[in-house]
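>
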Amino acid sequence: MNLYFIINPAAKNGRSVSIWKQLQPLLDREGIAYQAYWTSRKGEGREIARRIGEERVEPTVIAAVGGDGTVHEVVNGAGMFPHVAIGCIPAGTGNDFVRGFRLARKPKQALQRLVNGAQSGKAWAFDLGRFASSAVPDGVFASSIGCGFDAHIARAVNRSKWKGRLNRFGLGALTYAVYLVKELFCYQPTNLELFIDGRAYSFPKAWMATVSNHSYYGGGMRIAPSARADDGLLHVTVVGAISRWKILALFLSVFWGGHVRMKEVCVFAGRNVCIRPTAPVPVHADGEEAGEGEVSVWIEARGLKVIGAETT
């Protein structure tokens, strides 16, 4: 397979640069043919990945060197090409793609699996999430999409200077906790309607609705404990009317999946989902801003090829 790396030097405040400097000599020493591209602005990873996917017709591997945001761009750029397999060298803050798709969490091990897969031509077929929102008429996601409080926090964190500052000390994930508490007493829940495979549900004063392709989001939170990236289903988690103080308990228990036992939390599964809030609350896809208000989501079973995944 043709092997490409798309490196985001801004991931985790430059951690991806140091990781790539460790891995590049290993590739060169083994005489492995590859091409590396560096991004310089938001959205460039998608453009590079799409260009590679359009120019090549033979089996190709494109690996993101960065975090979930970098993966999101690469998947949006080339994840839909049948001859392209997506890989990842984890170098971000959250790395939920790596968890959910059973990839290696250590960069050197991830590289070895990636190279082995590229040389053998072995890629694994996983499900791909697709969506349409006010800002993105035809988008894809690898991990999750949602609207409401979690998207509100993600937007605040992405626009904050503190994430980069804390990343310098390996504490980037702490930014989410800070903004969770900060925004908890400002955010206003909204009524929303949920449609899953034609069935309608109503939730007054709901805090959030998240549609998951696998269990993890937000840097290791098990928002959808029963979800798998190869089960052909979308897993929906709705947090309905709940006190502000209980939200804190919910976001603590979500790390082990305990939140699904709360009476204010409802879980569903299906293939076609539409979330329709009565207010223009923000939408996120893989933690990246994706518009406001209504969002339609559907699953493309086995629509994403991934390289380097564990076989079990």
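Just so you know, we're using our numbering here: the sequence shown kicks off at 5 and counts up by one. Even glycine gets a Cβ: it sits at the ideal position worked out from N, Cα and C. Values in this document were obtained by computation on a predicted structure and should not be read as measured data.
(1) Tell me which residues share the same chain as Tyr191 and place their Cβ nearer than 8 Å to its Cβ, disregarding the 5 neighbours each side in the sequence.
(2) Cα-Cα, which of Gly98, Met5, Arg19 and Val79 is closest to Gly224?
(3) Less than 7 Å between the C-beta atoms of Val75 and Phe101, yes or no?
(4) Taking its Cβ as the centre, do 16 or more other Cβ atoms sit within 10 Å of Ile279, making it buried, or is it exposed?
(5) Please go through the segment 17 to 90 and give each complete beta strand (DSSP E) segment of 3 or more residues, from N-terminal end onward.
(6) On the criterion of 16 or more Cβ atoms from any shown chain inside 10 Å, does Val277 qualify as buried, or is it exposed?
(7) What do you reckon, is the C-beta of Arg226 under 6 Å from a heavy atom of the ligand PLP?
(8) Quick one, which of Phe272, Val185 and Leu238 has its alpha-carbon nearest Arg248's?
(9) In the structure shown, what three-state DSSP assignment does Asn195 receive?
(10) Since Tyr220 and Arg50 should fall inside the 8 Å C-beta cutoff, what is the C-beta to C-beta distance between them, to a whole number of angstroms?
(11) Name the two residues that bound the continuous alpha helix (DSSP H) containing Ile251.
(12) Taking one C-beta from the segment 22 to 30 and one from the segment 52 to 62 each time, how about it: are there three or more such pairs within less than 8 Å?
(13) I'd like to check one pair, Asp290 with Ala146: are the Cβ atoms closer than 7 Å?
The relevant details are as follows:
(1) Phe153, His156 and Trp211
(2) Gly98
(3) yes
(4) buried
(5) 39 to 42 and 64 to 70
(6) buried
(7) Ligands are entirely absent from the displayed structure, and the ligand PLP is therefore not among its contents.
(8) Val185
(9) strand
(10) Tyr220 to Arg50, Cβ: 22 Å. No contact.
(11) Arg248 to Ser257
(12) no
(13) yes
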